[in-house]
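Asks: Here's a structure for you.
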Amino acid sequence: MTDDQQHLHHAVQLAKANVAAGGRPFGAVLVRDGKVLVEAVNEIHLSQDPTAHAEMLAIRAASQQLGPRLDGCVIYASGQPCPMCLSAMHLCGISRVVFAASNEVAAPFGLSTAAIYQQMALPLAEQKLPVQHLPQAAMQTLYGEWQALHDAE
63 MTDDQQHLHH AVQLAKANVA AGGRPFGAVL VRDGKVLVEA VNEIHLSQDP TAHAEMLAIR
123 AASQQLGPRL DGCVIYASGQ PCPMCLSAMH LCGISRVVFA ASNEVAAPFG LSTAAIYQQM
183 ALPLAEQKLP VQHLPQAAMQ TLYGEWQALH DAE
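If you read the sequence shown in my numbering, its first letter stands for residue 63, the second for the next number, and so on.
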């Protein structure tokens with residue numbers, strides 16, 4: 063069994079245990095340099111937090127150890143990451159993602175996020191969720207102030 067298969071199997075086993083504990087079938091393992099740093103399961107059923115996805119919780123825990131950049135880390139997930147989780151992975155620099163069940167496999171069980179991916183691919187004006195842009199000149203100044211402070215570090 064390859065390292066990828068082993069870590070992915072671990073994520074699937076976490077998902078299985080989570081279902082047995084009353085949760086959703088999602089587990090994630092975050093690995094760096096072949097070492098498991100964090101394992102997590104979907105905790106929506108415990109926290110009522112809709113962002114408590116296994117991948118998000120793994121990223122949060124790993125960031126407590128490594129800081130906000132997770133370059134060189136790999137996430138192994140039992141299911142295809144949703145757009146929120148995938149965006150977080152891009153933002154923190156995750157190097158690679160490996161997942162077991164695709165959205166096509168998840169769809170018959172009501173666990174696919176393919177419709178959200180489709181919405182996110184549309185221009186803002188065409189998405190079902192109304193998103194309104196009201197420019198504020200103060201934000202340009204605030205961004206400049208932040209840049210100046212950041213550059214001074």
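From the three backbone atoms N, C-alpha and C, an ideal C-beta is built for every residue, glycine too.
Please read these numbers as outputs of a predicted model, since none were measured by experiment.
Can you give the Cα-Cα distance for E166 and V159, rounded to whole angstroms?
Replies: By 1-based counting over the sequence shown, the position of residue 166 is 104. By 1-based counting over the sequence shown, the position of residue 159 is 97. For E166 and V159, the distance between alpha carbons rounds to 18 Å.
Asks: What is the C-beta distance between P130 and M182, in whole angstroms, given that I count them as a contact (C-beta under 8 Å)?
Replies: Counting from one through the sequence shown, the residue named residue 130 turns up at place 68. Counting from one through the sequence shown, the residue named residue 182 turns up at place 120. About 23 Å separates the two Cβ atoms, so there is no contact after all.
Asks: Can you check DSSP and say which residues form a bridge with E101?
Replies: By 1-based counting over the sequence shown, the position of residue 101 is 39. E101 is bridged to V91.
Asks: Cα-Cα, which of S164, M118, G96 and C154 is closest to I106?
Replies: Position 44 of the sequence shown, counted from the first residue, corresponds to residue 106. Answer by Cα proximity: M118.
Asks: Between which two residues does the beta strand (DSSP E) carrying V81 extend?
Replies: Stepping through the sequence shown from its first residue, residue 81 is reached at position 19. Note, V81: premise wrong, no beta strand (DSSP E); alpha helix (DSSP H) at D65 to A82.
Asks: Can you tell which of V103, S157 and Y138 has its C-alpha closest to the C-alpha of D65?
Replies: Counted from its first residue, the sequence shown places residue 65 at position 3. Residue Y138 is the option with its Cα nearest to D65.
Asks: Whole angstroms is fine: what's the gap from S164's alpha carbon to P170's?
Replies: Taking the sequence shown and counting its residues from 1, one reaches residue 164 at position 102. Taking the sequence shown and counting its residues from 1, one reaches residue 170 at position 108. About 11 Å.
Asks: Could you give the distance in angstroms between the alpha-carbon of C24 and the alpha-carbon of D133?
Replies: Given that the chain is displayed from residue 63 to residue 215, the structure contains no residue 24 and the question cannot be resolved.
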